[in-house]
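Everything on this sheet refers to the single structure shown next.
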Amino acid sequence: MGVSIQYLHKAFDLVDGKPKYVLEDVNLEVENGEFICILGKSGCGKSTFLNLLAGYLKPDKGRIAVNGVDIDGPSETRGVVFQQHALFPWYTVRQNIEFGLRLRKQKDAAEVASKYIQMIGLEIYEGAYPAELSGGMAQRVGIARALAPDSDVLLMDEPLGALDALTRELMRQEITRIWQLSKKTIFFITHSVPEAVYLADRVVLFKDGHIDADVPIDLSRPRDMKTAAFQEYVEQFAERLAECESEQRAVQAE
Ligand SMILES: Nc1ncnc2c1ncn2[C@@H]1O[C@H](COP(=O)(O)OP(=O)(O)O)[C@@H](O)[C@H]1O
Ligand SMILES: [Mg+2]
Numbered sequence: 063m064g065v066s067i068q069y070l071h072k073a074f075d076l077v078d079g080k081p082k083y084v085l086e087d088v089n090l091e092v093e094n095g096e097f098i099c100i101l102g103k104s105g106c107g108k109s110t111f112l113n114l115l116a117g118y119l120k121p122d123k124g125r126i127a128v129n130g131v132d133i134d135g136p137s138e139t140r141g142v143v144f145q146q147h148a149l150f151p152w153y154t155v156r157q158n159i160e161f162g163l164r165l166r167k168q169k170d171a172a173e174v175a176s177k178y179i180q181m182i183g184l185e186i187y188e189g190a191y192p193a194e195l196s197g198g199m200a201q202r203v204g205i206a207r208a209l210a211p212d213s214d215v216l217l218m219d220e221p222l223g224a225l226d227a228l229t230r231e232l233m234r235q236e237i238t239r240i241w242q243l244s245k246k247t248i249f250f251i252t253h254s255v256p257e258a259v260y261l262a263d264r265v266v267l268f269k270d271g272h273i274d275a276d277v278p279i280d281l282s283r284p285r286d287m288k289t290a291a292f293q294e295y296v297e298q299f300a301e302r303l304a305e306c307e308s309e310q311r312a313v314q315a316e
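Taking the numbering used here, the leading residue of the sequence shown gets 63, the next gets one more, and so forth.
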């Protein structure tokens, strides 16, 4: 059980009549409750991978199964959080979180929303509108909304990318806490190496549409970025990413 990704291929264009694969032969097995960080340079296929997991895109070859069931389109069992929050501006925090639950006429919508409002620590803001929230708060509401339908998997595409450095650091701690409480499987895309090492059980490094490395992070939590062990991981990934860059330049120079 968990998320099983096998022989995944995705192309958007044809070159000389052949598909130009953005993702080629991607294979990954993820256990329920694992925190996976996807790390890679811009354009290497991270968002495409997440959109396939979300069901917004269909693979050309291969399959993705969640707890034994093949993905067939979007589902609230896979919650998505983007870099820019997509909250309804005319709804309060509570109404945003309850929205999906009410849509499917879930009887305990208010109770479930309360549980997640508490989990993200925004009890006193539950009546506030998105415009009244800071960027970090709005992202927490987005996470609560994605978790509320009792989703199995949380998919996050650079959710902290638009936040200032201090908020970003606090949000890393916050996401770790929410993950530990909710016990969900998380796929978290970032191009920040320290962020990936801080958050992940496993860092999966993407390069030119395939998995270049899949590295378990053997550090206890809460993690301290200043330790030598932490920095060793950071250096290891930074070096690998730099290799990707110099290879890219060599290709462009040809
Ligand atoms: N809808 C699309 N149509 C055509 N090309 C696309 C589309 N989405 C992404 N691509 C291309 O696929 C490659 C990977 O993009 P993406 O998955 O967004 O990378 P990342 O998120 O790692 O920056 C890029 O070359 C991008 O231009
Ligand atoms: Mg992207």
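Cβ coordinates follow ideal geometry from the N, Cα and C atoms, glycine included.
Computed from a prediction, not measured in an experiment: that's the story for all the values here.
The DSSP assignment places complete beta strand (DSSP E) segments of no fewer than 3 residues inside the segment 216-253 at 247-252, in order along the chain. The DSSP-derived three-state label of GLN157 is helix. With respect to GLY271, TYR83 sits close: the two C-beta atoms are nearer than 7 angstroms. Every unbroken stretch of the beta strand (DSSP E) spanning 3 or more residues and falling wholly within the segment 63-145 is given here in chain order: 65-77, 80-92, 97-101, 123-128, 140-143. A Cβ-Cβ contact shorter than 7 angstroms links ILE67 with ILE126. By DSSP's assignment, LYS269 forms a beta bridge with HIS272. No heavy atom of ligand 1 is found nearer than 6 angstroms to the CB of PHE299.
Here the alpha carbon of HIS147 sits roughly 31 angstroms from the alpha carbon of GLY124. Your pair THR252 and LEU101 checks out as a contact, with CB atoms roughly 6 angstroms apart and the cut at 8 angstroms. For PRO284, there is no enclosing alpha helix (DSSP H), as DSSP gives it neither H nor E. Checking the 6 angstroms criterion, the Cβ of SER109 is within range of a heavy atom belonging to ligand 2.
The Cβ-Cβ distance between ALA210 and LEU261 does not fall below 7 angstroms. The shortest C-alpha to C-alpha distance from PHE111 to any of ILE159, VAL88, GLN145 is the one to VAL88. If you look at TYR178, you'll find it in the alpha helix (DSSP H) that goes 171-181. Using a Cβ distance threshold of 7 angstroms, VAL296 and VAL255 count as a contacting pair. Look at ARG207 here: in three-state DSSP terms it is helix.
If the five residues before and after ASP286 are omitted, its C-beta is found closer than 8 angstroms to the C-beta atoms of PHE292, all from its own chain and listed in chain order. ARG166 carries a coil assignment under DSSP once its states are collapsed to helix, strand and coil. Around ASP75, the same chain offers LYS82 as residues with beta carbons nearer than 7 angstroms, after the five sequence neighbours per side are excluded.
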